[in-house]
Structure formats: structure tokens, C-alpha cells
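Just below is one structure, and these are the notes that go with it.
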Amino acid sequence: MNAVVQAVAETRHLLSGNEAVARAVWEAGVKVAAAYPGTPSTEILENIALYPDVYSEWAVNEKVSIEVAIGASIMGARAFCAMKHVGMNVASDAFMTQTLAGVVGGLVIVVTDDVGLSSSQNEQDSRYWGRFGHMPILEPADSQEAYEMVKGAFALSEELNSPVIVRMTTRVCHVKAMVTVGERETHEPAGFEKDPARWVLTPAAARARIPWMFERDGKLREFAEASALNRIVEGGDRRVGFLTSGPAAMHVQEAFPDAPLFKLGFSCPAPIGRIRAFAGTVERLVVVEEGEPLLEQELKAAGIDCHGKDILPRMGEMGPDVLLPAVKPLLGEPWEAPVGHRRQSLFPRPPTMCVACPHLGPYFTLSRLRNVIISGDIGCYTLGAGHPWNALDTTISMGASMGVALGMDKGRGATDGKKAVVAVIGDSTFLHMGMQGLLDITYNRGNVTVLLLDNRAVGMTGGQDHAGTGRDIHGEEAPRVDFVKLVQALGVKPERTHVVDPYELPTLFKVLRQETKIEEPSVIITNQPCVLIDDYEKHQPYKVVDEACTGCGNCLDVGCPAIFVTRRDKAVKPSGKEVDLAFVRIETAACTGCNLCVETCAPDAIVHAAPTHSVKFQ
Amino acid sequence: MTDKDVTNILVVGIGGQGVMTAAEILAQTAIVQGFDVKKTEVAGMAQRGGVVSSHVRFGPKVLSPKIVTGTADILVGFEAAEAMRWSDHLRPEGVAMVNTLRLEPPVVSLGLYDYPEDPIGAMREAGVNVYAFDAGAIALELGDLRLVNTVMLGAIADHLPFPAEVLEEQIVARFRARKPKLVTANEQAFARGRAAARAAGRAEAATA
Ligand code: SF4
Ligand code: SF4
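Below, the structure is given as C-alpha cells:
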């Protein structure tokens, strides 16, 4: 995968859009690159980190990552940051001012939209930031274009004196396609020039920059009209022409190979003049947008007649299977789907916690507590909302669990008066945006019990390092934040701060029950690493002794995916009540011997097994 | 679709099974053969035991990375029910190469859903051309469950638009560089997979 780091110019490689971006960043002579991991953008920085001549870092959140990039740009260095769409919301405060100040060294931000919601709390169209921030948006359709556009974006940024957003979607980030690479340019930082009127954005200074920005808007428009990134793909069948950008352009070409296509690469500001001319050459114009009807509305406002979301879906990906049935009827041609095999209905296979995940114990414990409201957070923690725990009542956005919990505590009516409010958050998420929420709880004397599940990784995105892991992006030793001291500095009393082993169920129960009864902020920190990272140590696996298993099914409630049901039965209790029985087995090859299920098994039916060849299976 | 020259291969299974690696090797092989290649995953949080599918498309020119339902030439199923889930993506004459392994997810263990009695049978009943065999057993016999990947690639080797040897060379080359000890095991796994698929094909033909 990393061969591309050494790849010589003019060679072709199969690269994901994210890998292609990393190569382009390096080739553009970038000095500083920062990001916080988030699907589908994570691999961009992971790959940049492989190039030794770029300073790269995991920032604690997206706002800080862009601040780092801004600082480098002010020094005249080329700077880069990457984030997912929701990260842009976090970064927007710094970014909306920076666009007013402009850049010195080229400043490029890749924002990745999770079109179709593979792993996000919402679907967002980041093209809006271009309009909002008065800055250009480039939209690559595949890896080669991602490479070319990102590389070119640095020069564009310097020429236009504006940060540039490259908007990518999952189908560019995670699709591998052929890319021809080039060489690294040298780009020496120009050095800092004192200019408080520009860099100190007081109201007076900012006010003075606004006319300058409007002037730039005019220049941006000219650039967009002239840009070779906006190009027409000729087609003989003029009954319908398409206006589109990004991977949707590939889907259109696949579905309607003979139709003319105007493909926008430099999509903000929209080149309205050229679009109008194109519209005049086709019988009807269809705007294909992944996300909002943004261009469609601009076109309609400019008096250009077009179809768009009247025939196409408002959300998700615009693949050929979506385009064909929507557009064919416009041409009076019925659409018949390819005759494949019939769809088979089947159980769902949602993501679940890993075998022996250190969060199994906390969620198992939470699922046993009565009278609690649990405010959850993003990441693996969200999985606690699933079976068998059903232990989350809310998940809003990254780091929001504590603020939401405080609101629940303060807003509760008489019916919820006796309930305990618990907030659950992960280590990286806590450092990203959670700390302020905890400070608000202590400061405003909220009655919230916080479970800070420290698994020493950004788990959901693949176990990246952060300020709480003791390692940096290169895996090298780095200062590690002390969570106990940190939460105490934020106002949690020492006697209300606990560190517990999440595999010790009795302690977990005891501490959680005790703290939820005390009407003060408390924090319970767990201290075992994610099973996917190197620090995790396996123990001797377990098996179930068939004859001893009573079929109580208690172990199943732990939710470890290595435990399987072998047989179901019913039994009548002495009280006359009928109970369901589930006899189980443990997949010894997958079991890590974490001991959790053993603690739940009353008849001691779970015993050590001979170690077998272990497999990774979640 | 429009371009009949494009070969569509859909590799499916569960997070952690090696689906992505198998797809990667197929894509690399197609590059060596001079094709334009696109490869994409449809994996919502796949690392967490969810469904994983990888689309590999190659030909003179590939546009959309995604295989449209009903147009896949080969379906490589690393798990029986997952193969069944994706069988609607196969074109009518397409081939489903399926590992008979059954992996029940927690929702089944918890009794919330049923795992199909006979996924392979259900696929056959729907008219799918299935080649089924126990790839896990072969891998374990050869000493490492992780060899399932190579077994499955060996199994589809006779159905690709390039010689089996080119694919085998791509697999072996990966190990020659990093883990030379595993070269022989992978060669054996490839051959065993290929033979198993042929036997499964004969059995299929006999019952059809
Ligand atoms: S000991 Fe039990 S809970 Fe822990 S990994 Fe093994 S089966 Fe899973
Ligand atoms: S907890 Fe023990 S007795 Fe109950 S089902 Fe599990 S193994 Fe059997």
C-alpha cells in the first residue's frame, strides 16, 4: 500500500482517492498537514505521515487542525488539512475568518462528504461552504482527478489569495483507480511579514477586508468560467444533457454514454455563463447533484430551465441504477432493470463491538441499571445502543454527551426526578470536544455521572493515536495526557474520580451504582486498551462445558461476538413460569480470554480451553 | 451495462475476513494485465463485524466504480449467508463461488433473527449458479485459517479473463517479499481452491 511513497514520477499506481491526495500534498511541497481522523477522510493524513519531509499531526479536533494549517500558511508555507463533513462544522469558526484574511502559502482543505451515510450522524453537502466562505470548491471524480486537483489547488490558492476546499465523497476517497504520479516541488516558506491590519481581525480590520473579499469573488467567477477543470464531454444524443460534478459524472457517463455532459471540476462559484451556453445546445438539461439541489437553484435563479431533484432522489449516491430509472422516462423510454437474481431477504448484520472489547463490560453494566438515562457519544460508543445492551438514549454529535446530559439533568420534570443521568464518552472524543461539556457540568453543579471509556485509541476509525495514547501519528512516543488530573482540573472532586478495570464487573457495578446515587458530578475512567491495537494482550481462551451449561443465557448479555447459541429450549420453573433457554458455545479460536463472560456464568460452565490457532474475527 | 468489455467481480463477507485483500489482489492482477481498474468498498463500519463488499471492475475503460445490481460476473462469497445476501447482484449467467462457512452474528445468537437453514440451497432455488465448498477446512488443513483468502482466489481462477497463473503469481509475490515461509502454503491453497471449485462445478452440473 505504501509503495507509492517511493514511486518515481510518471509511473502508474492503483491508489484510493485518499492516497492520491496524500501524494499530491507531498508533491505540492506542503510543509504542514494536520487532521483529526474521521470516515471517509482518515487515510489522507495516515498516508501523508509516511512522507518524512512533511510535518504531519493528529490534531485534537478539526478546528485545531485548520488553525495549525492557517498558522503555517501565514508563515508562507504551503499547508493542508483534511476532515469529514461534520468536522467542517467544528472547524468553521476559524475557517470563516481565515477566508477573509486570505493566505500566504497555499492553503488547501479537503472535506469529505459521507454521501449515503456509511458512518456518520448526518448527511451534509459541503459545497455550501464555498458559497458561505466566498472561496473556490474543486470536485474530483476519481483518484487521478483528486491527485491533479489537490496538487493544482495550492497554486490556485496562492493566485486567488484564498483557501481552497476540495470536496470529495466516499466514492472518491475509498475508490481505488489508476493514478500517474509526478515529482515533489520545492516550496520554501516566504517568512512572516508583520501586517496587523490583515492578521488581527478586529471589527475594524475585518470590515476593511470585506470589500476586498467581494472583489476576490469577481475574480473567482472569472476563474471558474475559464477553468479547464470545467469541461464538456461531447455526446451525439442531444435529447438530454447533464450538468454534474464529482463521481456522479462517472455514473452519468456509465448510464448515458451518448449524452453531452458538462462536468464541473471548479464548481464554486458556478460558471453560469458557460452553463447557459451548454444548456442551449441540448433539448433538456438534467442537473445531477449528490447532496442538495444547490446548482439547480442557482440555475433556476439565473433563468436556466433544468430538471434536478424533481426526478432524482434528495439523498444518497447517484449511481447508474438511480439515474437510469429517473431520466429514461423523460425521454419517453421505459426503464427495465437488468434481470438479475431475486433479492433474498435475510437477517441484518449490523456492526457490533469486537470480541473482548473493553466497552462490553461498561455497556453490560449500564444495561443492568434501572432508572438511568444514558447520554451517548459518537464512535464505538454508539454501538452500545445496539443489541444486547440497548444502553444508550441519545447520540447527537461528537463530544455532545456531557452537555446533553447536563441539559437533561437541568431540564428534567417530576416524572424523571429520581432517575440518574449518565454520560458516556471515549477518550479521544473527550479531548476533541468533550472537555468543555464536563467543565460545564462541574461549573453549573450538574448531577451527572460520566463514564470516560479510555481505550487508548480513536477506535472506530481504526485505532489512530491521539493526545491520550502516548504516541504521535508516526507511532513515536509522545506526552500522554493524564485523564485523572485532567478531569480534576476541570472541577471533579478527587473522591468522585474513579479508575476501574472494565473487565471487573463487580467493581464496575459497585462504583457505578454508588456514583449514580451521589448528587454530584463524578467521572469513572476505564483503563483497558482497544483490542485492535498493539497494547492489547490476549490471554488463554475459554470454552463452554456442554454438560455444565444450564442454558441461562446470561453470558449472551455481555454481547461478545465469540459466543454462539447452539440450541434453544424451554423449561418450566418450580414457580410454574416458562423460561427460554439458550445453550451456548464459545469460538475458542476467537476468544481472547478476557474473562467477562466467565463472571456472568453462575454454574461455572465456562472454563479455560487449550489455546488454538487464533483468528482475528470480530 | 453499456460496456460489455468490463468484468465485474463482487467480493463479499464480514469485516476481518480478508475480503478487502482478496479484492486488492484481483485489482492488482488486472493492472498487470493492462486493464483500467476501479475498486471500491461498500462497508458501513465494516471493522465492527458488519457486512463488507468490495467491487472490482476492470476492462479497457472503467467509469463508475460500482457494480449495478444484476450485472456482476462473479460473486466471491467468504460466508454463506453473505453470498446469499448479495446474489441479486449477479447477472443471470454469473457464477457464485461460495465458502460454506456459517458465521452467525450476535443478532442471531440473541434470537432476534434466524440464520437461513440452507443459504446455498436458497440461492440454487433462485436459479443462481453456485459453486460451494468448505474453504475454511482446506485452509485449516494447510495450517492457517487466513489461507481462506488464497483458496477463494484459486477457486475463481478458471473464471477470469486472464490465466490463473497470473493471479497466482500476484498472490505469491506478496508473500515472497514479506513472508517467504508462506509461499508454499499459498501455492497449495491456490491449487486446492482451484481443484475444489472444479469439483464443486462438476457436482453442480450433475445435479442440474
Ligand atoms: S472470555 Fe468471553 S467475553 Fe471474553 S473474549 Fe472470550 S468469549 Fe468473549
Ligand atoms: S452463563 Fe454459563 S450457564 Fe448460562 S448460558 Fe452462558 S455458559 Fe451456559
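Each protein sequence line maps, in turn, to chains A and B.
Each residue of the first sequence is one higher than the one before, counting from 1 in the UniProt record's numbering.
Each residue of the second sequence is one higher than the one before, counting from 1 in the UniProt record's numbering.
We put the CB at the ideal spot given by N, CA and C, even for glycine.
Remember, predicted model here, so these are calculated numbers, not experimental data.
### Task
Check the C-beta distance from residue 81 of chain B over to residue 119 of chain B and give it rounded, since I have them as a contact under 8 Å.
5 Å
### Query
Is it true that the CB of residue 573 of chain A sits closer than 8 Å to the CB of residue 565 of chain A?
no
### Query
Going straight from the alpha carbon of residue 296 of chain A to that of residue 305 of chain A, what length do you get?
9 Å
### Under the three-state DSSP convention, the category residue 353 of chain A falls into
coil
### Query
Mind checking whether residue 172 of chain A and residue 246 of chain A have CB atoms under 8 Å apart?
yes
### Query
What residue range is occupied by the uninterrupted alpha helix (DSSP H) comprising residue 109 of chain B?
106-109
### Message
Taking the beta strand (DSSP E) that residue 62 of chain B belongs to, which residues open and close that run?
### Response
It is not in any beta strand (DSSP E) - residue 62 of chain B carries neither H nor E in the DSSP assignment.
### Message
Using a Cβ-Cβ cutoff of 7 Å, what residues of the stretch 229-254 of chain A are near chain B? List them in chain order.
### Response
Result list: 250, 251, 253, 254.
### Message
For residue 251 of chain A, report the span of its alpha helix (DSSP H) as first-last.
### Response
248-255
### Query
With a cut-off of 8 Å, do at least 3 Cβ pairs link the stretch 141-148 of chain B to the stretch 159-169 of chain B?
no
### Message
Between the alpha carbons of residue 361 of chain A and residue 596 of chain A, how many angstroms are there, rounded?
### Response
7 Å
### Task
Report buried or exposed for residue 539 of chain A, applying the criterion of at least 16 other Cβ atoms within 10 angstroms of its Cβ.
exposed
### Task
Name, going along the chain, the residues of the stretch 103-130 of chain A whose beta-carbon falls closer than 7 Å to a beta-carbon of chain B.
118, 119
### Message
Beta-carbon within less than 8 Å of residue 7 of chain A's beta-carbon, same chain only, minus the 5 sequence neighbours each way: which residues are those?
### Response
Taken in chain order, the residues that qualify are 13, 23, 181.
### Query
Which ranges does the beta strand (DSSP E) cover as unbroken runs of at least 3 residues, wholly within the stretch 351-410 of chain A, from first to last along the chain?
372-376
### Task
Verify the contact flag: residue 541 of chain A, CB atom, against every heavy atom of ligand 1, threshold strictly below 7 Å.
yes
### Residue ranges of each beta strand (DSSP E) within the stretch 62-109 of chain A, 3 or longer
79-84
### Query
Are the C-beta atoms of residue 14 of chain B and some chain A residue less than 8 Å apart?
yes
### Task
Look at the Cβ atom of residue 165 of chain A, then the Cβ atom of residue 104 of chain A, and state whether they are nearer than 8 Å.
no
### Query
Should residue 618 of chain A be labelled buried (16 or more other beta-carbon atoms within 10 Å of its own) or exposed?
Bear in mind that the predicted position of residue 618 of chain A carries a pLDDT of just 36, short of 50, making it too unreliable to give a figure here.
### Query
Cβ-heavy atom distance between residue 352 of chain A and ligand 3 below 7 Å?
Of the ligands this structure carries, namely ligand 1 and ligand 2, none is ligand 3.
### Task
Establish whether the CB of residue 286 of chain A and some CB of chain B are separated by less than 8 Å.
no
### Task
Kindly indicate if chain A contains any beta-carbon less than 8 Å away from that of residue 90 of chain B.
yes
### Query
What's the gap between the Cα of residue 46 of chain B and the Cα of residue 16 of chain B?
Caution applies to residue 46 of chain B, whose pLDDT of 47 falls short of 50 and renders its modelled position unreliable; the model cannot decide the point.
#### Entry: Closest by C-alpha distance to residue 547 of chain A, when choosing among A:537, A:606, A:503
A:606
### Query
Since residue 178 of chain A sits in a beta bridge, which residues does DSSP pair it with?
A:14
### Query
Based on the DSSP secondary-structure assignment, which residues constitute the bridge partners of residue 99 of chain B?
As computed with DSSP, residue 99 of chain B is found in a beta bridge with B:133.
### Query
Got a sec: is the Cβ-Cβ distance from residue 20 of chain B to anything in chain A below 8 Å?
no
### Query
From A:240, A:562, A:216, A:575, pick the residue whose C-alpha is nearest to that of residue 260 of chain A; which is it?
A:240
### Task
Kindly identify the DSSP beta-bridge partner or partners of residue 90 of chain B.
B:72
### Query
Does ligand 1 have even one heavy atom less than 7 Å from the beta-carbon of residue 380 of chain A?
no
#### Entry: Span separating the alpha-carbon of residue 120 of chain A from that of residue 576 of chain A
48 Å
### Task
Leaving out five residues on either side along the sequence, give the residues of the same chain with a beta carbon under 8 Å from the beta carbon of residue 144 of chain A.
In chain order, 20, 177, 178, 179, 180 place their CB closer than 8 Å to the CB of residue 144 of chain A, counting only its own chain and leaving out the 5 sequence neighbours on each side.
### Query
Can you find a heavy atom of ligand 1 that lies under 7 Å from the Cβ of residue 558 of chain A?
Flag set: Cβ of residue 558 of chain A near ligand 1.
### Contact under 8 Å by Cβ, residue 129 of chain B with residue 57 of chain B
no
### Query
Is DSSP giving residue 464 of chain A helix, strand or coil here?
strand
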